[in-house]
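Trainee:
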Amino acid sequence: SNLSLLSTGGTISSKIDYRTGGVMPALTAKELNDSIPELKKLANINPEVVLSEYSENIRPEHWTLMARKIAENVLSGKYDGIVLSHGTDTMHYTSAALSFALQNLPIPVVLVGAQRSSDRPSSDASTNLIGACTFATRSKFSGVFVAMHHTISDDVIACHVGTSVRKNHTSRRDAFHSIDISPFSLIKKDQIEICEQYADLKFHERNKNLENLVVRSNFDDKVVLLKFYPGFDCQIIDYCVEKGNRAIIFEGTGLGHINKECFHQIKNAVKKGILVFMTSQCIWGKTSLTVYDTGRDLLEIGVIPLSNTTSETALVKAMWCLGNFEDKDVIKIMTTNIANEFTNRIIID
Numbered sequence: 573s574n575l576s577l578l579s580t581g582g583t584i585s586s587k588i589d590y591r592t593g594g595v596m597p598a599l600t601a602k603e604l605n606d607s608i609p610e611l612k613k614l615a616n617i618n619p620e621v622v623l624s625e626y627s628e629n630i631r632p633e634h635w636t637l638m639a640r641k642i643a644e645n646v647l648s649g650k651y652d653g654i655v656l657s658h659g660t661d662t663m664h665y666t667s668a669a670l671s672f673a674l675q676n677l678p679i680p681v682v683l684v685g686a687q688r689s690s691d692r693p694s695s696d697a698s699t700n701l702i703g704a705c706t707f708a709t710r711s712k713f714s715g716v717f718v719a720m721h722h723t724i725s726d727d728v729i730a731c732h733v734g735t736s737v738r739k740n741h742t743s744r745r746d747a748f749h750s751i752d753i754s755p756f757s758l759i760k761k762d763q764i765e766i767c768e769q770y771a772d773l774k775f776h777e778r779n780k781n782l783e784n785l786v787v788r789s790n791f792d793d794k795v796v797l798l799k800f801y802p803g804f805d806c807q808i809i810d811y812c813v814e815k816g817n818r819a820i821i822f823e824g825t826g827l828g829h830i831n832k833e834c835f836h837q838i839k840n841a842v843k844k845g846i847l848v849f850m851t852s853q854c855i856w857g858k859t860s861l862t863v864y865d866t867g868r869d870l871l872e873i874g875v876i877p878l879s880n881t882t883s884e885t886a887l888v889k890a891m892w893c894l895g896n897f898e899d900k901d902v903i904k905i906m907t908t909n910i911a912n913e914f915t916n917r918i919i920i921d
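Mapping of the sequence shown onto the working numbering: residues 573 to 921, in sequence order.
#1: Between the C-alpha atoms of Ser667 and Ala911, what's the straight-line distance to the nearest angstrom?
#2: Give the straight-line distance between the Cα atoms of Ala719 and Ala730, rounded to the nearest whole angstrom.
#3: Beta-carbon separation of Ile630 and Leu670 under 8 Å?
#4: Hey, how far is the Cα of Trp892 from the Cα of Val787?
#5: Take Ala841 and list the residues in its own chain whose beta-carbon comes closer than 7 Å to its own, dropping the five residues that flank it on each side.
#6: List the DSSP bridge partners of Ser576.
#7: So if DSSP puts Met748 in a beta bridge, which residue, or which two residues, is it bridged to?
#8: Go through its chain and collect everything with a Cβ distance to Arg886's Cβ below 7 Å, but skip five positions before and after it.
#9: Ordered along the chain, which non-local residues of its own chain (more than five positions away) have a Cβ less than 8 Å from that of Gly826?
#10: Hey, which unbroken runs of the alpha helix (DSSP H) at 4 residues or more fall wholly within the segment 795-836?
#11: What is the DSSP secondary structure of Cys705, reduced to helix, strand or coil?
#12: Buried or exposed: His749, going by 16 or more other Cβ atoms within 10 Å of its Cβ?
#13: With distances taken between CB atoms, is the gap from Gly685 to Gly582 smaller than 8 Å?
#14: For Leu577 and Pro619, what's the separation of their Cα atoms in angstroms?
#15: Which class does Glu777 belong to by DSSP, given the choice of helix, strand or coil?
#16: Taking the CB atoms as reference points, tell me whether Ser714 and Ile679 lie closer together than 8 Å.
#17: Apart from the five residues on each side of it in sequence, which residues of its chain come closer than 6 Å, Cβ to Cβ, to Ile751?
#18: Could you tell me how far apart the beta carbons of Phe756 and Val733 are, in whole angstroms, since I believe they sit closer than 8 Å?
#19: Find the nearest neighbour of Lys799 within the set Asn831, Glu777, Lys774, Asn817, judged by alpha-carbon distance.
#20: With C-beta atoms as the reference, is Leu797 less than 8 Å away from Leu677?
#21: Spatial neighbours of Asp921 within its chain, please: C-beta separation below 7 Å, excluding the five flanking residues on both sides.
#22: Among all the DSSP beta bridges, which residues are the ones paired with Met638?
#23: Based on Cα-Cα distance, which residue from Leu575, Gly828, Lys780 lies nearest to Thr866?
#24: According to DSSP, is Tyr590 part of a helix, a strand, or is it coil?
#25: Quick check on this structure: which residue in Arg778, Gly816, Ile753, Leu871 has the alpha carbon closest to the alpha carbon of Trp856?
#26: Could you name the residues of the same chain whose beta carbon sits closer than 8 Å to that of Asn740, not counting the 5 residues immediately before and after it, in chain order?
#27: Taking the continuous beta strand (DSSP E) assigned at Glu884, which residues delimit it?
#28: Run the proximity test for Ala639: is its beta-carbon closer than 7 Å to any non-hydrogen atom belonging to the ligand MG?
#29: In chain order, what residues of the same chain have a beta carbon less than 8 Å from the beta carbon of Glu765, not counting five sequence neighbours either side?
#30: Under a three-way DSSP split, which group does Glu610 fall into?
#31: Taking the alpha-carbon positions, what's the Ala708 to Arg868 distance?
#32: Whole angstroms is fine: what's the gap from Leu575's alpha carbon to Val655's?
#33: Going by DSSP in three states, Ser725 sits in which element: helix, strand or coil?
#34: If we ignore side chains and look at the alpha-carbon of each, how far apart do Asn909 and Ala673 end up?
#35: Would you report the Cα separation of His722 and Gln687, rounded to the nearest angstrom?
#36: Pick from Val682, Asn880, Ser860, Ile846: whose alpha carbon is nearest that of Ile903?
Structure (structure tokens):
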């Protein structure tokens, strides 16, 4: 098998600076590959550096850069899979961005990171990278995935769908979880177990149809994510409109609620052509604006609920929609399941 290993920075590519005690980006993709002898048994790996940034510094234009580089490598026909190393803090934003930007992928694209730098005895870097490369070479499915520790031990790596994953812990090795559904697969050494809960979602099997790849890699950053809270200043909405934002993603309480005091500002935003979408600040479950009067009133003034799409994925999807489609089509696309960002089956362990 032949793999493309693309590095973008982050903890997985970092070492401890013993002068300061902090970690800093230090490893290239080649050095990362060379530091893990087991990878040579899995595939012929071509390492390349795309950029070197901590993930908090990643911007939408970096998603465009990554998507175009991945597309270039896919269309070369040289590779059976692509692994992208990335900082963990915003990896779920990038995995969502690539899921929308690269549709009908013929091979797997697997994002991988580490919670602890590669030179620490407790590092998860090598185990995560071996798991990601195993999935990228042996999975029969294509698409965008995230591979990270399933538990705090080194025995199982979970592979999550790129639009339904979230970083839920600041430092644990098993920080990443699929939201509302199980991981797509579990990787135990040489075994790949596909979790059956995903049988009713949209996945392509690995194929040779390079011409079917659809690349839409533009992102409009004029989208804002607002978390509602008791005492929320409704004038923040006016400010977002004045700054030229084209869409607002709300994280409402519970099923998707916001204080009625803000309805005037929301109505004004909608009248000015700003798209207003609703997600929930709860981790699990769907928004529903038809249960309570507050939700029904929000629907009436033009707020659009996004089911159980995570707020981070909703933000990225809105940026992608506004960057690639005409305004008249954005609402339809935002409420259509493009890359498994809506999940019909709710599973909570």
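The beta-carbon is built from N, C-alpha and C at its ideal position, and this holds for glycine as well.
Mentor: From the atom records:
#1: Within the sequence shown, the letter at position 95 stands for residue 667. Within the sequence shown, the letter at position 339 stands for residue 911. Taking the straight line joining both Cα atoms gives about 11 Å.
#2: The residue you call residue 719 lines up with position 147 of the sequence shown. The residue you call residue 730 lines up with position 158 of the sequence shown. Pairing Ala719 with Ala730, the inter-Cα distance amounts to about 6 Å.
#3: If you number the sequence shown from 1, residue 630 lands on position 58. If you number the sequence shown from 1, residue 670 lands on position 98. Going by C-beta atoms, Ile630 is not nearer than 8 Å to Leu670.
#4: Locating residue 892 in the sequence shown gives position 320, where the first residue counts as 1. Locating residue 787 in the sequence shown gives position 215, where the first residue counts as 1. Spanning the two alpha carbons is a distance of roughly 11 Å.
#5: Taking the first residue of the sequence shown as position 1, residue 841 is located at position 269. Counting only Cβ-Cβ distances below 7 Å, and skipping sequence neighbours, we find Ile809, Val813, Ile820, Val848.
#6: By 1-based counting over the sequence shown, the position of residue 576 is 4. In DSSP, Ser576 forms a bridge with Asn618, Ile654.
#7: Against the sequence shown, residue 748 aligns to sequence position 176. First, the residue type needs correcting, since residue 748 is Phe and not Met in the sequence shown. The partner list for Phe748 (beta bridge, DSSP) reads Lys739.
#8: As a first step, residue 886 is located in the sequence shown; it is residue number 314 there, counting from the start. In the sequence under discussion, the amino acid at residue 886 is Ala, which differs from the Arg named in the question. By the criterion of a C-beta distance shorter than 7 Å, Ala886 is surrounded in its chain by Ile821, Phe849, Thr851, Leu878, once the five residues flanking it on both sides are discounted.
#9: The residue given as residue 826 occupies position 254 in the sequence shown. Taking C-beta separations shorter than 8 Å and ignoring five residues to either side along the sequence, the partners of Gly826 in its chain run Ser852, Cys854, following chain order.
#10: Qualifying alpha helix (DSSP H) stretches, in chain order: 807-814.
#11: To locate residue 705, count along the sequence shown from 1; it is residue 133. In the structure shown, Cys705 falls within a helical segment according to DSSP collapsed to helix, strand and coil.
#12: Against the sequence shown, residue 749 aligns to sequence position 177. By the neighbour-count criterion, in which 16 or more other beta carbons inside 10 Å mark a residue as buried, His749 falls on the buried side.
#13: Residue 685 sits at position 113 when you count from the first residue of the sequence shown. Residue 582 sits at position 10 when you count from the first residue of the sequence shown. Gly582 is positioned such that its CB atom lies closer than 8 Å to that of Gly685.
#14: Numbered from its first residue, the sequence shown carries residue 577 at position 5. Numbered from its first residue, the sequence shown carries residue 619 at position 47. If I take the Cα positions, the gap works out to 5 Å.
#15: Walking along the sequence shown from the start, residue 777 turns up at place 205. Note: Glu777 maps to strand in three-state DSSP.
#16: Taking the first residue of the sequence shown as position 1, residue 714 is located at position 142. Taking the first residue of the sequence shown as position 1, residue 679 is located at position 107. The answer is yes: Cβ separation under 8 Å.
#17: In the sequence shown, counting from the first residue as 1, residue 751 sits at position 179. Within the same chain, Ile751 has close Cβ partners Ser736, Arg738, Thr882.
#18: By one-based count along the sequence shown, residue 756 stands at place 184. By one-based count along the sequence shown, residue 733 stands at place 161. Rounded, the Cβ-Cβ distance is 5 Å, consistent with contact.
#19: Counting from 1 along the sequence shown, the entry for residue 799 is found at position 227. Nearest C-alpha to Lys799 among Asn831, Glu777, Lys774, Asn817: Asn831.
#20: For the purposes of this step, residue 797 is taken as residue 225 along the sequence shown, with counting starting at 1. For the purposes of this step, residue 677 is taken as residue 105 along the sequence shown, with counting starting at 1. No, Cβ-Cβ distance for Leu797 and Leu677 is not below 8 Å.
#21: Within the sequence shown, numbered from 1, the residue matching residue 921 stands at position 349. For Asp921, the pLDDT reaches just 42, beneath the cut-off of 50, and the residue's location in the model is therefore unreliable, leaving the point undetermined.
#22: Counting from 1 along the sequence shown, the entry for residue 638 is found at position 66. Its beta-bridge partners do not exist; DSSP assigns none.
#23: As a position in the sequence shown, residue 866 is number 294, starting the count at 1. For the residues Leu575, Gly828, Lys780, the minimum Cα distance to Thr866 belongs to Gly828.
#24: Counting from one through the sequence shown, the residue named residue 590 turns up at place 18. Any answer about Tyr590 is weak, because its pLDDT of 49 lies below 50 and its placement is not dependable; what the coordinates show is given next. When DSSP states are grouped into helix, strand and coil, Tyr590 belongs to the coil group.
#25: In the sequence shown, the residue the question calls residue 856 occupies position 284. If we check each option's Cα against that of Trp856, Ile753 comes out closest.
#26: As a first step, residue 740 is located in the sequence shown; it is residue number 168 there, counting from the start. Contacts found: Ala747, Phe748, His749, Ile855.
#27: Counting from 1 along the sequence shown, the entry for residue 884 is found at position 312. For Glu884, there is no enclosing beta strand (DSSP E); the residue is part of the alpha helix (DSSP H) that begins and ends at 883-896.
#28: The ligand MG is not part of the structure shown, which contains no ligands of any sort.
#29: Here residue 765 is taken as the residue at index 193 of the sequence shown, counted from 1. Residues of the same chain with a CB within less than 8 Å of the CB of Glu765, apart from the 5 flanking positions on each side, are Ser757, Leu758, Ile759 in chain order.
#30: In the sequence shown, residue 610 corresponds to position 38, counting from 1. It is coil, neither helix nor strand.
#31: Translated into positions along the sequence shown, residue 708 becomes position 136. Translated into positions along the sequence shown, residue 868 becomes position 296. The alpha-carbon atoms of Ala708 and Arg868 are separated by roughly 45 Å.
#32: Against the sequence shown, residue 575 aligns to sequence position 3. Against the sequence shown, residue 655 aligns to sequence position 83. Between the alpha carbons of Leu575 and Val655 lies a distance of about 7 Å.
#33: Locating residue 725 in the sequence shown gives position 153, counting from the first residue. Note: Ser725 maps to coil in three-state DSSP.
#34: In the sequence shown, the residue the question calls residue 909 occupies position 337. In the sequence shown, the residue the question calls residue 673 occupies position 101. Asn909 and Ala673 have their C-alpha atoms spaced approximately 14 Å apart.
#35: As a working note, residue 722 is residue 150 in the sequence shown. As a working note, residue 687 is residue 115 in the sequence shown. Rounded to whole angstroms, His722 to Gln687 spans 13 Å at the Cα level.
#36: Residue 903 sits at position 331 when you count from the first residue of the sequence shown. When only C-alpha atoms are compared, the closest one is Ile846.
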